[in-house]
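Novice: For the record, the sequence lines run as chains U and Y.
Under numbering that gives the first Met the number 0, the first residue of the first sequence carries the number 0, and numbering increases by one thereafter.
Under numbering that gives the first Met the number 0, the first residue of the second sequence carries the number 0, and numbering increases by one thereafter.
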Amino acid sequence: MRWRPESAANDAAVIEGSWREPERFAVLFDRHAPHIYRYLARRAGGQVADDLAAETFLAAFAKRDRYDLSRPDARPWLYGIATNLVNQHRRDEARHYQYRITHAAAAEPEVPGHAERVAADVTAQAMRALLAEALAMLPAGDRDVLLLIAWEQLTYQEVSMALGIPVGTVQSRLHRARAKVRQVLAGTDAAATYEELTTNE
Amino acid sequence: MNEMELLRELAQETPLPAPTDLDAARARLVAAITADPATYATAAAQATVHQAYPSTGRPVNLLRPAAPAPVRSAVKVMYGGAASAAAVFLIATLPSIGDIHGRLLGHRVTATPLTITLVIVLIVAEIALWLWMARAVGQGRRWARILSVVLTALATLELQGQHGVLSVFLAWVTFLTGLAVVWLLWRPASRAYFKRYPLRADYAGITLGRQRYPLAYRPAVFVPWADVEQIILYTGYQAGASAPWIGIRRREGAPALPYGNEQAPFCPVPGVVAGATQRIKGLRIDRERLAAVTAAAAPGVSVVEGRYEERFRLTGAAVGPALALLAVGVGLGVLWHTQLVFLLLAIPAVLALAWRPVALLADHAGITLGSERLLPRSPVVVIPWADVQQIILYSGHTSSGDQVPYIGVQRPEGAPALPYGNEQSPWCPVPGVAAGATRRIKRWQLDRERLAAVTAAVAPGIPVTEAGNDPTQRIEGPGQRED
Chain U
0 MRWRPESAAN DAAVIEGSWR EPERFAVLFD RHAPHIYRYL ARRAGGQVAD
50 DLAAETFLAA FAKRDRYDLS RPDARPWLYG IATNLVNQHR RDEARHYQYR
100 ITHAAAAEPE VPGHAERVAA DVTAQAMRAL LAEALAMLPA GDRDVLLLIA
150 WEQLTYQEVS MALGIPVGTV QSRLHRARAK VRQVLAGTDA AATYEELTTN
200 E
Chain Y
0 MNEMELLREL AQETPLPAPT DLDAARARLV AAITADPATY ATAAAQATVH
50 QAYPSTGRPV NLLRPAAPAP VRSAVKVMYG GAASAAAVFL IATLPSIGDI
100 HGRLLGHRVT ATPLTITLVI VLIVAEIALW LWMARAVGQG RRWARILSVV
150 LTALATLELQ GQHGVLSVFL AWVTFLTGLA VVWLLWRPAS RAYFKRYPLR
200 ADYAGITLGR QRYPLAYRPA VFVPWADVEQ IILYTGYQAG ASAPWIGIRR
250 REGAPALPYG NEQAPFCPVP GVVAGATQRI KGLRIDRERL AAVTAAAAPG
300 VSVVEGRYEE RFRLTGAAVG PALALLAVGV GLGVLWHTQL VFLLLAIPAV
350 LALAWRPVAL LADHAGITLG SERLLPRSPV VVIPWADVQQ IILYSGHTSS
400 GDQVPYIGVQ RPEGAPALPY GNEQSPWCPV PGVAAGATRR IKRWQLDRER
450 LAAVTAAVAP GIPVTEAGND PTQRIEGPGQ RED
């Protein structure tokens, strides 16, 4: 047998190997857990991300024998599981957005400085609150697509694999979600002010 | 700035977690992996842990994994076989139906008491055999699995020449049960349970199995990961023959082993005690898996590959004549009704097929270049690392003009003369390489990465150079290679 370091094997090979030798699955964790954890922290907050990341990999480990080996990259599969878990903990996610809304609204600029700088900080906080509000208002399916693309940089194809929906549906959901977010942001003039400030800098 | 950019900016607020943030999640996954039935299925069946107690001093079997489902089914089926034999026994020995003995069993029970006794003894023996086999199979004994095939084959003999309903019934039950058992025990899921693991690494630690010596044996040794500093693969000797060995260097202050607390005699790494070494000859150690398990269970422990061996492989050139010899032996043996011809021709043929001498060995001692010629054998050349300047891989030509890869060892001026071939090698582009210190890579394969890794581990600083492409290019160990 030729020496092949574990890191050189692709995800599908690792998962296939883990069918007979389960300990190999730890490699998949070491490879992808930081990003999955961050995704979960972004969506549901740091307090539950730990728990959800563990559950994601436990679920992945439990159904590793059903993994489609024709896909060398396991990220879409893991993101799909993580997204399903987030949707099962929708209350946590909603609470997280609520926290962001109130936290952003209540936040005061920490460093007193230039008047424009202060104004920019305030507007940025307001934008974040609005964004969180817009995300909270989105239907779950649309939100999944939007965040996997905007935050995790997945391609349409990868989102389609992760959520098990056709690419066309991914595109239409993304379009709808973006339109809604834009609508919420445009509902105030904060967006315009913010844009103005950021472009002037 | 559009909404996507705003979203990305929002996402920037959450950084990647620190490695310690993932510890709890990783621990949960590791627990799940350890509890997975497949882990048990592939884990050692023979592993035992030596403990100071109980007072009997016998090794206590702590690590025996749960049997996989097919093996458990096989054990149940075998108990079923015992039960059916017991039922027949009961019916046959009930005095009230003594008259039907003959009709049912097909034996003349009224003939002699000896016949009756014999029948009873046979059935009791069969019950005992079922129970004994069921127990052995449940414990994962290798011989039990093989014996089950032999017994089932023998059971087919019982199918003929039986009279009487019960005898025929018992013969068929035995045969069919045996078939079911064989099928269950030889399924892929069961196979790993019966594998002999002289070495086991899991999340608890490393277990070195029982080590056999000519007149004694050393019980299995378990070393928890907390005590392990390094795992070393090296060349050891037993009864004068070299073989691959594995040794565990334990941290200072680790508890004493029940046996062999002196330095291992052939291990080049100090601090490895004899009791924590194990010969792995004849067993293919899965280095990749050992490294994977070690990396997963004890990330700080390094695996030092101190031995790389390649042997000549079977090729068409060797198989053809050997098979021809075998065929002639069998043919003449049948023709002349004698086994002598067969023995004279076929056994050498089989031996020739089975004999696979070492082509290349790199270990702590140096580089061993095997003998290419079989008859008469040219001497094996051992070049200690002190005499190695670099290892060169290049291509040359055979006498028929085919291009063939070569391996050569460049030695410093003034190195001791080789037993033969002290002139410059004809194809080697590097001057100062003696022909006797080169070998064709033919009928064997060179894994350059492993050679480079072992060289880097046991003789750091000695380059493995590919002279064919770029004389200055060095192949480094896999850990240093960034593709």
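Ideal Cβ placement from N, Cα and C applies to all residues, glycine included.
So, for residue 9 of chain Y: in the same chain, excluding its five sequence neighbours on each side, which residues have a beta-carbon less than 8 Å away from its beta-carbon?
Specialist: Cβ neighbours of residue 9 of chain Y beyond the five flanking positions: none.
Novice: Less than 7 Å separating the beta-carbons of residue 28 of chain U and residue 28 of chain Y?
Specialist: Yes, they are a contact pair.
Novice: Could one say the Cβ of residue 33 of chain U lies closer than 7 Å to chain Y's Cβ atoms, at least one of them?
Specialist: Chain Y contact via Cβ: present.
Novice: Quick check on the burial criterion: 16 or more other C-beta atoms within 10 angstroms. Buried or exposed for residue 387 of chain Y?
Specialist: Classification of residue 387 of chain Y: buried, given that the 10 Å Cβ count is 16 or more.
Novice: List the DSSP bridge partners of residue 288 of chain Y.
Specialist: Paired residues: none, contrary to the question.
Novice: Only counting the same chain, and skipping five residues up and downstream in sequence, which positions put a Cβ closer than 7 Å to that of residue 454 of chain Y?
Specialist: Excluding positions up to five away in sequence, the list reads 361, 390, 461, 463.
Novice: What does residue 7 of chain Y reach in chain U if we use C-beta pairs closer than 8 Å?
Specialist: Correct list: 149, 150.
Novice: Taking 8 Å as the cut-off, does the stretch 47-58 of chain U touch the stretch 12-19 of chain U (at least 3 CB pairs, one atom from each stretch)?
Specialist: As far as the Cβ criterion goes, the stretch 12-19 of chain U does not touch the stretch 47-58 of chain U, which means the pair count is below three.
Novice: Which one or two residues does DSSP pair with residue 199 of chain Y in a beta bridge?
Specialist: For residue 199 of chain Y, which the question treats as bridged, DSSP gives the partners Y:206.
Novice: Is there a C-beta anywhere in chain U that falls below 7 Å from the one on residue 306 of chain Y?
Specialist: Chain U contact via Cβ: absent.
Novice: Taking 8 Å as the threshold, find out whether the stretch 316-330 of chain Y comes into contact with the stretch 289-301 of chain Y through three or more Cβ pairs.
Specialist: No, because fewer than three Cβ pairs between the stretch 316-330 of chain Y and the stretch 289-301 of chain Y fall closer than 8 Å, the two stretches do not touch.
Novice: Give me the Cα-Cα distance between residue 242 of chain Y and residue 226 of chain Y, rounded to the nearest whole angstrom.
Specialist: When rounded, the distance between both Cα atoms is 26 Å.
Novice: In three-state DSSP terms, what is residue 224 of chain Y?
Specialist: It is helical.
Novice: Can you check which of these residues, Y:259, Y:306, Y:157, Y:224, is closest to residue 295 of chain Y by C-alpha distance?
Specialist: The shortest Cα separation from residue 295 of chain Y among Y:259, Y:306, Y:157, Y:224 belongs to Y:224.
Novice: For residue 435 of chain Y, tell me which candidate among Y:416, Y:447, Y:186, Y:452 has the shortest Cα-Cα distance.
Specialist: Comparing Cα positions, the closest option is Y:416.
Novice: Quick check on residue 32 of chain Y - is its C-beta less than 7 Å from some C-beta in chain U?
Specialist: So, interface residue.
Novice: Is the Cβ of residue 63 of chain Y closer than 7 Å to any Cβ of chain U?
Specialist: Confidence is the limiting factor: at residue 63 of chain Y the pLDDT is only 44, short of 50, which leaves the residue's position unreliable, though a coordinate-based value still follows. With 7 Å as the cut-off, residue 63 of chain Y does not count as an interface residue toward chain U.
Novice: So, does the stretch 403-423 of chain Y touch the stretch 345-358 of chain Y, judging by three or more C-beta pairs under 8 Å?
Specialist: Touching, no.
Novice: I'd like to know whether the C-beta atoms of residue 484 of chain Y and residue 222 of chain Y end up nearer to each other than 7 Å.
Specialist: This structure cannot speak to residue 484 of chain Y, because chain Y is shown only from 0 to 482.
Novice: Buried or exposed, going by whether 16 or more other CB atoms sit within 10 Å of the CB of residue 145 of chain Y?
Specialist: Its Cβ having fewer than 16 others within 10 Å, residue 145 of chain Y is exposed.
Novice: Taking 7 Å as the threshold (beta carbon to beta carbon), is residue 36 of chain U in contact with chain Y?
Specialist: Interface residue, yes.
Novice: Taking residue 10 of chain Y as the query, report the chain U residues whose CB atoms sit under 8 Å from its CB, ordered along the chain.
Specialist: Under the 8 Å cutoff, chain U gives 41, 149, 150.
Novice: Taking one C-beta from the stretch 64-78 of chain Y and one from the stretch 179-192 of chain Y each time, how about it: are there three or more such pairs within less than 8 Å?
Specialist: Taking 8 Å as the limit for Cβ pairs, the verdict is that the stretch 179-192 of chain Y does touch the stretch 64-78 of chain Y.
Novice: The beta strand (DSSP E) that contains residue 243 of chain Y, what's its start and end?
Specialist: Per DSSP, residue 243 of chain Y belongs to the beta strand (DSSP E) from 240-249.
Novice: Taking 7 Å as the threshold (C-beta atoms), are residue 246 of chain Y and residue 219 of chain Y in contact?
Specialist: Result no, Cβ atoms of residue 219 of chain Y and residue 246 of chain Y do not sit closer than 7 Å.
Novice: Look up residue 34 of chain U in the DSSP assignment and say whether it is helix, strand or coil.
Specialist: Helix, per DSSP.
Novice: Decide yes or no for the touch test of the stretch 69-76 of chain U against the stretch 150-160 of chain U: beta carbon pairs closer than 8 Å, at least 3 of them.
Specialist: Yes, the stretch 69-76 of chain U is in contact with the stretch 150-160 of chain U.
Novice: Applying the 10 Å Cβ sphere with the 16-neighbour rule, what's the burial state of residue 121 of chain Y?
Specialist: Exposed: under 16 other Cβ atoms inside 10 Å.
Novice: With distance defined between alpha-carbon atoms, name the residue in U:67, U:127, U:54 nearest to residue 83 of chain U.
Specialist: Comparing Cα positions, the closest option is U:54.
Novice: Would you say residue 57 of chain U reaches chain Y, if we count a Cβ-Cβ gap shorter than 7 Å as a contact?
Specialist: Closer than 7 Å: yes.
Novice: May I ask you to list the residues that DSSP assigns as paired with residue 433 of chain Y?
Specialist: Y:423, per the DSSP bridge assignment.
Novice: Which chain U residues are close to residue 2 of chain Y, counting only those with a beta carbon under 7 Å from its beta carbon?
Specialist: What residue 2 of chain Y touches in chain U: 177, 180, 181, 184.
Novice: Listing by chain order, which chain U residues have their CB less than 7 Å from the CB of residue 288 of chain Y?
Specialist: Those within 7 Å of residue 288 of chain Y in chain U are 20.
Novice: Determine the extent of the alpha helix (DSSP H) in which residue 380 of chain Y is found, giving its start and end residues.
Specialist: No alpha helix (DSSP H) holds residue 380 of chain Y; the beta strand (DSSP E) holding it covers 380-383.
Novice: Which class does residue 394 of chain Y belong to by DSSP, given the choice of helix, strand or coil?
Specialist: Residue 394 of chain Y falls in the strand class under three-state DSSP.
Novice: Would you report the Cα separation of residue 318 of chain Y and residue 352 of chain Y, rounded to the nearest angstrom?
Specialist: When rounded, the distance between both Cα atoms is 7 Å.
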